[in-house]
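In the UniProt record's numbering, the protein residues as written are 1 to 607.
Have a look at the structure below before the remarks.
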């Protein structure tokens, strides 16, 4: 069919169309032509009746009435048949084949033209010259009128006019043989002219359709662009509102503990009684932990929002990872008399264990936090090609209207006063961002007063040998008696680290610059552990210092601490294989990192 369209419409008005688009264009042109022609045909039975009446008035004196009536019925009937087909065409579905319809219309035009041309053979031979000449004029005028009826279809006009003009010209030439060549030449010229006019009309129609298609395409592009702009504006407004909400909540949550710290600082300056010191120290420790949790949450959220977290994919056992995270919460669940149930089917996975552990940890913390009695069930299973982890609790549940809001930054149910003992409200936001990052699906189902079920689905199933459990190589041996060097250009941090590490029984040396660290290594020797800030004074980088010192003095463990958040700044540390802690660091996290780094660290770390 496509080939037929190209053969039928060799000239192309729309330049640069692809094959599929060109075929669609040809089809649209043909449909437009057929529709216009069909609507014109509805009026023609009346025109044909007037033609029959005019011919009868010219020929009734020289022709029998039976011939006149018979011819009139034939030609008007043929035109009525064409009109009836036009009605059918206009009612056809747009999916109807336009090529077939066009062929039928050409055939019908030829049939009607033949009935009109028949009048020349029936009536001209018996007419007087004036009537004969007038009838020829009328018959030759019919094709000219057919130009508008054919509506830009040269083929329809050619078929219609040829079967009128040829019989008329032949009949005249038979009556006047001496004029036969002139008649033949003029007839051919006239027929060629009106067909070419119809061809020009076809080109105008094609250009009109091409312009309309281009207009529609432009409008569609503009509408799509407008929709994209509106969506971008909506996203920007939502981002702005979210940023304002985050800043407002963060400002509040930072201001409150800082105010409390300033009060406790004033208490310490005022030399409180000895019995008050433990309470003050405990409260300060709690406030520092809250501040650290808030800053870490904001840092994680910033990194995830800026796509600065790069997943590190490896083979893991989802059930073992879940079991290890559950073990961290056994004591917390026991304190609330909750049962922490494990239903862990073996599931192997190729994914980021750090991200998954963080997701499970945040979800499990929420489940225990909002469950007062009953149990929290953690399950893993394989369903088809999915690795599935579910955490279900018998807690207070979430109202239906709040299910989507719980993933907003700083949003917490039943905590309008922003009590930080209930957390800072970033856990589920981080969970959602991590799920988006590693391509995991998260579904939340809850019923108020019954409980909540969170379902995680991971696409990256793995098969093969059993992976090592997460943190299998961790060592939690004590740090007492170990010699630790701390390098940082902040005097307050050096002093605080010295006091803390000495409190753990460590032998501590501090250095405020790379030059002092070089002298320390030369005078005292290499340490059991070097704790170094990533960015030092005088343009020195802690990572470069650690590498240089290891090159001079041999292997020793290194622990890097930093306040940097950018991926470019942190990536070299991860490449070097050194453990990394981000400030602020609470004491138990530091102790855990130090104890892990000390034993056999030199064999595990590589430059």
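Note that beta-carbon positions come from the ideal geometry of N, C-alpha and C, so glycine has one too.
Just so we're clear, the structure is a prediction, and the values are computed from it rather than from any experiment.
- In the DSSP assignment, residue 344 falls within the unbroken beta strand (DSSP E) covering 339-344.
- Only buried fits residue 366, as 16 or more other CB atoms lie within 10 angstroms of its CB.
- Here the alpha carbon of residue 167 sits roughly 7 Å from the alpha carbon of residue 120.
- Listed in chain order, the non-local C-beta contacts of residue 442 below 6 Å within the same chain comprise 435, 456, local neighbours out to five positions each way being set aside.
- Per DSSP, reduced to three states, the secondary structure at residue 386 is strand.
- The continuous beta strand (DSSP E) containing residue 582 extends over residues 580-582.
- Counting C-beta pairs closer than 8 Å gives fewer than three between the region 133-152 and the region 60-73, which falls short of the contact rule.
- For residue 123, the enclosing alpha helix (DSSP H) stretches over residues 98-123.
- Between residue 102 and residue 30 the beta-carbon gap is near 6 Å, inside 8 Å, which marks them as a contact.
- Membership of residue 446 in the beta strand (DSSP E) is indicated by the continuous run 441-447.
- Straight-line spacing of the CA atoms in residue 386 and residue 204 works out to 59 Å.
- Annotation for residue 127: 62 place their beta carbon closer than 6 Å to its own, counting only its chain and skipping 5 residues before and after.
- Within the model, the alpha-carbon separation for residue 449 versus residue 394 is close to 8 Å.
- By the criterion of a C-beta distance shorter than 7 Å, residue 115 is surrounded in its chain by 74, 75, 78, once the five residues flanking it on both sides are discounted.
- Taking the C-beta atoms as reference points, residue 516 is found no nearer than 8 Å to residue 486.
- Within the region 126-163, complete alpha helix (DSSP H) segments of at least 4 residues are found at 129-150, given in chain order.
- Taking a C-beta distance under 8 Å as the contact criterion, residue 364 and residue 347 do not qualify as a contact pair.
- In the three-state DSSP reduction, residue 355 falls in the helix class (H, G or I).
- Counting the other CB atoms within 10 Å of its CB gives residue 578 a total of 16 or more, which places it among the buried residues.
- One Cα belongs to residue 37, the other to residue 145, and the distance between them is close to 13 Å.
- If you check the CB distance, residue 112 and residue 85 do not come in under 8 Å.
- In terms of Cβ geometry, residue 345 and residue 381 form a close pair [threshold 8 Å].
- When secondary structure is reduced to three states using DSSP, residue 512 falls in the coil class, being assigned neither helix nor strand.
- With a cut-off of 8 Å on Cβ pairs, the region 150-162 is in contact with the region 192-203, counting three or more such pairs.
- In this structure, residue 338 keeps its C-beta atom at 8 Å or more from the C-beta atom of residue 330.
- Leaving aside the five residues that flank residue 173 on each side, the residues in its chain whose CB is nearer than 6 Å to its CB run, in chain order, 180, 183.
- Inclusion of residue 495 and residue 454 in the CB contact set at 8 Å is not warranted, their separation being larger than that value.
- Beta bridge pairing from DSSP links residue 433 with no other residue.
- For residue 284, the closest alpha carbon among the candidates 258, 177, 511 is that of 258.
- In the DSSP secondary-structure assignment, residue 380 is bridged to 344, 389.
- In the DSSP assignment, the residues bridged to residue 485 are 509, 530.
- Residue burial annotation: residue 343 is exposed, with fewer than 16 other C-beta atoms found within 10 angstroms of its C-beta.
- Annotation for residue 561: the continuous beta strand (DSSP E) segment containing it runs 558-562.
- Assignment of residue 77 by DSSP, reduced to helix, strand and coil, places it in the helix class.
- Around the beta carbon of residue 229, a 10 Å sphere encloses fewer than 16 other beta carbons of the protein chains shown; the residue is thus reported as exposed.
- DSSP places residue 454 in the uninterrupted beta strand (DSSP E) bounded by 451-458.
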